[in-house]
Amino acid sequence: MVAKPKDLLRELREGNALKALKTIKNQVIGSKSKKSAFISAGAVEEVLGVLRSCLASAATTTASAATALHPQEHDLQQDQQLLLQQQAAVVLGSLAYGHPAGLRQLISHGGLPQLVAMLGAADQAVVQAGLRALKLATEQQEALLQLQGGPAAVAGEQQREQVQLRLDEPAMAAVVRCLDAATAPAAQGQGVAGAGPNAAAAASGSGSCGSGDSVRGSVAALAAAVVAAACRRPEELMLAVKAGAPAGLIKLLLEGERPDAQAAALEGLALLLPHDPAACGLALSRPAVYGRLTALLRDTEPGVRLLAAGCIATLSRDPACEQPEAMQRAALPVLLRLLANPSTRPHVPAVLARLIEGSEPLQKAAADADTVRLLAGLLAADAAPPPASAAAAAASPATKAGAGAPAAAAEAGSSAAAAAGLASTSAVAALREGCLRALGSLCLNRDDSRKQLLEAKVLRHIVRSLEDPCDGVRAAAALCVRALSRCVRTLRSSLLDGGGELAPVLVALLDDANVDVRSSAAAAMCNLVLDFSAAKSAVLAAGGLRRLVALTGAEQPPALRHHAAWALGNMLYRADAAVRTQLVQALPWSRLVGLLSDPEPGVVEQALVILRNLCMGDRQHIAAAMEWAAASPAAAEAAADAAGADAGKGTEDAGASAAGSGSGGGGERSGAQQGLLAVLQDRIEAAAAAVKTGLPDAAGDDQAAEPMDISGAGEPPASRAATPGAAAASPLPASSSSPGSSTNFAASSSPQQPAAIAQGTHALYAVANLLTGGAALKDAVMSRRQLLAALVAHLKPAAGDLALPAVWCVINLTWAAAAAAPPAAVGGGAGDREARTEQEALGARCRALQELGALEALEALSHSHSSRDVQERARTALEQLRRGLGQGSADADAEGAAVL
């Protein structure tokens with residue numbers, strides 16, 4: 021006859037406690053109904069009482085029992101206490117495992133500290149039993165999550181107590197100390213479960229392998245499993261790092277002999293390494309780690325191969341890694357094969373995304389293996405509703421439990437169903453996020469991959485994922501949209517179809533609580549608003565401009581400020597007057613001044629792009645930009661002061677020029693001119709200094725982020741300057757680009773040099789655009805001798821990409837407006853006087869340029885620069901300069917007029 025729970029618990033309190041524990045253990049292991057019955061009868065609290073009594077007795081016995089009892093009697097009592105601890109831990113672990121009600125009672129009654137206290141025992145079998153119970157409790161991630169917000173799981177409870185759902189710092193430190201058990205020598209006289217006659221029973225009751233070495237190996241494996249389970253929760257992950265878990269796990273990985281210990285150590289490292297750069301450095305400092313991980317890529321267990329690939333994906337991206345390509349090449353084919361394995365498939369995409377991120381060769385290799393189609397299929401299957409049979413199966417536990425079962429059993433079924441639902445939701449979200457991130461990486465730089473993804477008909481699933489309740493899924497979906505939007509054809513044919521559906525969703529994500537979501541949405545917005553009037557209108561209508569401006573605030577993370585400023589600059593590209601007006605209303609000049617002094621070089625660069633694009637257009641556009649800057653004279657003055665402070669030179673000259681140029685525009689507009697020009701001069705001089713320091717080639721393609729793929733757009737790349745119109749000195753095209761992979765400045769020894777060159781390029785284009793705004797602006801530039809000298813300094817082949825905008829500045833400075841007017845319009849009275857005045861001003865500008873060496877510089881540039889476009893523009897500037905100096909022939913004049 022099977023004993024009832026109440027009878028066994030009475031025996032536990034009043035009779036043979038060890039016998040009662042063994043009987044309870046045999047009944048509850050593998051039986052949910054028995055677990056529910058014992059939990060409802062209060063077994064968790066009763067067994068915890070036995071464990072507390074044993075721990076307290078062990079503490080007092082050590083101090084006094086040896087003197088009060090005969091040695092043999094003392095040993096028997098000690099063995100009894102050790103066996104009780106082991107059996108109690110086994111029962112507690114079983115009651116908590118797979119049963120949220122039991123887990124909650126274990127936590128709420130202070131069971132975790134009692135199990136942790138067992139880890140300090142001298143007997144390794146006790147430590148083993150305590151760790152096994154901890155493992156069973158801490159591995160139930162979904163049950164722990166369910167405890168935080170689900171209904172009460174125990175019958176009769178009216179109000180839930182707060183439960184401690186994580187290991188605290190002392191507990192984590194105790195677990196981490198156990199990692200050394202496998203490699204530490206056995207202590208003198210240390211046995212499996214004591215030296216008395218009950219040793220055999222202890223071995224069988226605790227599940228020990230029998231020998232001391234085996235127990236120590238099991239302890240290390242269990243400790244690694246507890247650390248790995250705890251590291252799935254962010255708070256405990258940080259505690260594990262603080263307790264020194266990475267060093268213990270690496271040692272166990274390299275020196276442990278048990279496969280389960282190595283697998284547990286590998287899992288812990290796979291979770292820790294992405295969040296702890298110091299742990300990555302420690303692992304990379306041990307050459308044997310690479311060999312062990314490579315060997316584990318060939319393990320028979322798919323899960324072990326996946327964990328090894330995850331560690332390699334993290335370590336290979338660390339700057340200290342000496343052989344990243346070899347590690348990545350070894351892991352990629354393993355991951356691609358695991359993607360076809362049903363047991364590992366849901367977990368592969370996230371690792372694959374981390375491995376191929378930023379590596380075009382790996383992205384190409386993965387794409388060539390048909391990975392885009394496989395991932396798109398997973399995404400589509402994940403988005404499909406579950407079959408009716410699965411939904412019915414999920415609901416059945418609660419239904420069955422309600423038919424005549426005890427209250428605790430019914431609630432246990434409900435809790436189990438809720439936990440299963442949470443587990444399913446978490447797994448689905450992880451799979452979706454991994455697929456989207458991997459697809460985003462694959463499509464970021466490859467148009468073929470974008471085509472494959474669009475052909476897979478999953479675009480609606482991607483757009484729907486932008487509104488997913490999971491932060492990671494929303495961020496990954498925005499990354500995927502960003503990658504797809506880098507192709508103009510994709511934007512026109514797919515993303516912008518269906519009206520304004522996409523724009524409002526992305527704009528809403530700019531207010532998302534998660535910073536990664538906001539950053540990815542802002543990055544996607546950069547491409548969406550580029551040269552597409554319908555998209556710009558949709559973004560403006562959804563309030564995107566105000567949100568983007570808000571994201572440029574100093575309190576925002578650097579990447580978010582960068583993408584927001586980038587999107588604002590792209591929104592101004594080829595924008596009409598209405599868009600420009602709304603932008604200057606939303607973005608005060610004072611905010612732009614702050615962006616120009618941002619500590620992040622990328623933010624400063626995009627702020628200069630905003631200026632460059634805002635100053636592009638006809639004279640009315642330029643005048644509106646000057647009025648915008650003049651609306652805040654204090655900000656203009658602050659900009660000039662900041663420019664002088666940043667440069668560390670030229671402040672006095674800038675101030676003198678500003679004070680002496682009142683005739684150029686008068687009042688506030690003159691101050692705005694000088695504020696703008698001071699900022700631009702600072703960046704142009706910094707670029708000249710960077711070139712002068714000996715940068716190998718400032719024209720390298722590495723300087724700028726990879727431009728948008730404009731295949732099918734029917735126009736030149738937006739990042740290049742188009743040729744000016746034939747009638748007059750046209751303003752240069754605005755800068756536009758699309759955010760892609762991180763900038764690579766491989767040619768430079770200093771990261772400050774490429775940043776200075778990129779900023780200087782945009783500043784030069786902004787000056788060239790301003791010079792089309794009329795005589796007053798030309799006079800303002802000419803009044804700044806240092807700015808003029810900096811322009812001429814870039815008229816040399818070594819300036820690279822800086823040479824082209826510098827040549828355009830000379831073209832616009834030496835352009836004679838009267839030369840473009842019809843003869844009838846120039847002749848007579850006021851027209852003659854205006855023409856003479858313009859000719860005199862033109863001659864003065866040309867002479868100033870000649871004094872600075874522009875004539876010789878343009879002559880050399882027209883023959884020596886590597887770009888044919890630069891050579892042709894240099895010849896045009898040279899001809900205009902000579903005409904302005906009176907050196908050009910009639911034929912040259914006629915030819916120059918024809919060109920321009």
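Take any residue in the sequence shown, count from 1 to its spot, add 20: that is its number in my numbering. Every residue, glycine too, gets a C-beta built ideally from N, C-alpha and C. All values reported here derive from a predicted model rather than from experimental measurement.
With three or more C-beta pairs closer than 8 Å as the rule, is the segment 630 to 643 touching the segment 798 to 811? no
CB-CB under 7 Å to Lys669, same chain, minus the five flanking residues each way: which ones, in chain order? Because Lys669 carries a pLDDT of 34, less than 50, the predicted location of this residue cannot be relied on, and the following value inherits that uncertainty. The answer is none, since no qualifying residue turns up.
Unbroken stretches of the beta strand (DSSP E), 3 residues or longer, contained in the segment 115 to 166: none
When the distance is taken between beta carbons, is Thr364 closer than 7 Å to Leu399? no
Give the list of continuous alpha helix (DSSP H) stretches no shorter than 4 residues that lie fully inside the segment 466 to 511. 467 to 475, 479 to 485, 491 to 504
Quick one: using the 10 Å Cβ neighbour count with 16 as the cut-off for buried, is Ala880 buried or exposed? exposed
Tell me, to the nearest whole angstrom, how far the beta carbon of Val324 is from that of Leu356; I am working on the premise that it is less than 8 Å. No, Val324 and Leu356 are not in contact; Cβ-Cβ is about 17 Å, not under 8 Å.
CB contact flag (Leu921, Val525, <7 Å): Because the chain is modelled from 21 through 920, residue 921 falls outside the range shown and cannot be assessed.
Can you find a heavy atom of the ligand SAM that lies under 6 Å from the Cβ of Ala116? By its list of ligands, the structure shown contains no ligand whatsoever, and the ligand SAM lies outside what it can speak to.
Quick one: residues in its chain with C-beta nearer than 7 Å to the C-beta of Gln572, no 5 flanking neighbours on either side, listed in chain order? Checking the sequence shown, residue 572 turns out to be Thr, not Gln. Result list for Thr572: Arg581, Ala584, Ala585, Arg611, Leu615, in chain order.
Under the three-state reduction of DSSP, which class applies to Phe58: helix, strand or coil? helix
Coil, strand or helix - Cys635 by DSSP: coil
With a 10 Å radius around its C-beta and 16 neighbouring C-beta atoms as the bar for buried, classify Glu321 as buried or exposed. exposed
Complete alpha helix (DSSP H) runs within the segment 552 to 593 (minimum length 4 residues, chain order): 553 to 561, 564 to 570, 578 to 591
Taking just the CA atoms, how far does Leu550 sit from Ala788? 22 Å
First through last residue of the alpha helix (DSSP H) which encompasses Ser540: 535 to 548
As a quick exercise: from Ser553, Thr781, Gly589, Leu588, pick the residue whose alpha carbon is nearest that of Asp702. For the residues Ser553, Thr781, Gly589, Leu588, the minimum Cα distance to Asp702 belongs to Thr781.
Along the alpha helix (DSSP H) that carries Ser882, what are the first and last residues, could you check? Membership of Ser882 in the alpha helix (DSSP H) is indicated by the continuous run 874 to 884.
Nearest by alpha-carbon distance to Gly264: which of Asp280, Pro353, Leu292, Ala497 is it? Leu292
Does DSSP put Val22 in a helix, a strand or coil? Correct three-state label for Val22: coil.
For Trp835, does the three-state DSSP call read helix, strand or coil? coil
Own chain, CB closer than 7 Å to Leu28, minus 5 neighbours either side, in chain order: Ala40, Thr43, Ile44
Just how far apart, CA to CA, sit Gln343 and Pro489? 39 Å
Exposed unless 16 or more other CB atoms sit within 10 angstroms - verdict on Gly2: In the structure displayed, the chain extends from 21 to 920; residue 2 sits before or after that span and is not available.
Buried or exposed, going by whether 16 or more other CB atoms sit within 10 Å of the CB of Thr158? buried
Contact set for Glu625: own chain, Cβ-Cβ below 8 Å, skip 5 residues either direction: Cβ neighbours of Glu625 beyond the five flanking positions: Ala775, Ala778, Gln779, His782.
Would you mind reading off the limits of the alpha helix (DSSP H) that contains Cys198? Where Cys198 is concerned, there is no enclosing alpha helix (DSSP H), given that its DSSP letter is neither H nor E.
Is the beta carbon of Gln125 closer than 7 Å to that of Val64? yes
Take Arg312 as the anchor and find which of Pro294, Ala298, Cys331 has the nearest alpha-carbon. Cys331
CA nearest to the CA of Leu811, picked from Leu103, Glu705, Leu901: Closest option to Leu811, Cα to Cα, is Glu705.
7 Å CB neighbourhood of Asn590 in its chain, flanking five on each side removed: Cys546, Val549, Leu550, Ser756
For my contact list, Leu822 and Leu872 are in at a C-beta cut-off of 8 Å; report their separation, rounded to the angstrom. For Leu822 against Leu872, the beta-carbon gap comes to about 16 Å, at or over 8 Å, which does not count as contact.
I'd like the span of the alpha helix (DSSP H) that includes Glu620, first residue to last. Taken as a continuous stretch (DSSP letters only), Glu620 belongs to no alpha helix (DSSP H), as it is neither H nor E.
Give a yes or no on whether the minimum CB-CB distance between Leu355 and chain D is below 7 Å. Protein chains in the displayed structure number just one, and chain D is not present.
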